[in-house]
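Protein chains in written order, with the numbering used here: chain U, 85 to 194; chain W, 2 to 113. Every residue, glycine too, gets a C-beta built ideally from N, C-alpha and C. All figures in this text were calculated on a predicted structure; none of them were measured in a lab. Read the structure below first, then the notes.
Structure follows, in structure tokens:
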């Protein structure tokens, strides 16, 4: 079983809508969580990190962490076509290695 | 901005041949990583390094070797390539003071 599981595998959202991506960990040693975004033909790029319980907002992106339930989510408001990409959740115990989920493919429909 | 480059960008190899994938970073990061990406598996760690001269096995090291001759360069070596190693390979670098990783553009490897 993967230690970091993402859902859904694929998500289609109309332009201007809200996209919600989920990530669940099975390892309570994970303390640090990241969201990465990968556009087609490129390498992943860090979108935002979240290390503490609660919400973290950066522009149109809001991450939420609940360490008790080992659940992390990413919400994208006012979705744009440029947000279409593969989104990865990654977790770390603090040893500079990241454990990756299998990704959510987000499609923004104009 | 932090920069990680990979070469070649595309490679076709024959089964049993030797393949070397190269990675260069200008970030002056101590840590470097090699991943492969396959549909449904996300990113899987093959080898990583904490600095020049060091290499460590990741989660799927079988069939791969790594070399870190300098702070800037990290290579992935397939001594006897097999079709199961057909994949997209990513190199990344990371600062020892934080956990963010910076990725290169990837190498698409096809083993026939």
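| query | result |
| --- | --- |
| Quick one: what's got a C-beta closer than 7 angstroms to residue 101 of chain U's C-beta in the same chain, skipping five residues either side? | 163 |
| Could you check whether residue 67 of chain W and residue 42 of chain W sit closer than 8 angstroms to each other, using their CB atoms as the reference points? | no |
| Using a Cβ-Cβ cutoff of 8 angstroms, what residues of the region 175-186 of chain U are near chain W? List them in chain order. | 176, 178, 180, 181, 182, 184, 185, 186 |
| Quick test of your reading: residue 14 of chain W and residue 112 of chain W, contact by CB under 8 angstroms. State the CB separation rounded to the nearest angstrom. | 5 angstroms |
| If you draw a straight line from the alpha carbon of residue 99 of chain U to that of residue 161 of chain U, how long is it in whole angstroms? | 10 angstroms |
| Beta-carbon separation of residue 122 of chain U and residue 185 of chain U under 8 angstroms? | no |
| Taking only three categories from DSSP, how would you classify residue 86 of chain W? | helix |
| Hey, out of U/192, U/104, U/193, whose CA is closest to residue 197 of chain U's CA? | The structure shown does not extend to residue 197 of chain U, since chain U spans only 85 to 194, so no value can be given for it. |
| CB-CB under 7 angstroms to residue 144 of chain U, same chain, minus the five flanking residues each way: which ones, in chain order? | 160, 161, 162 |
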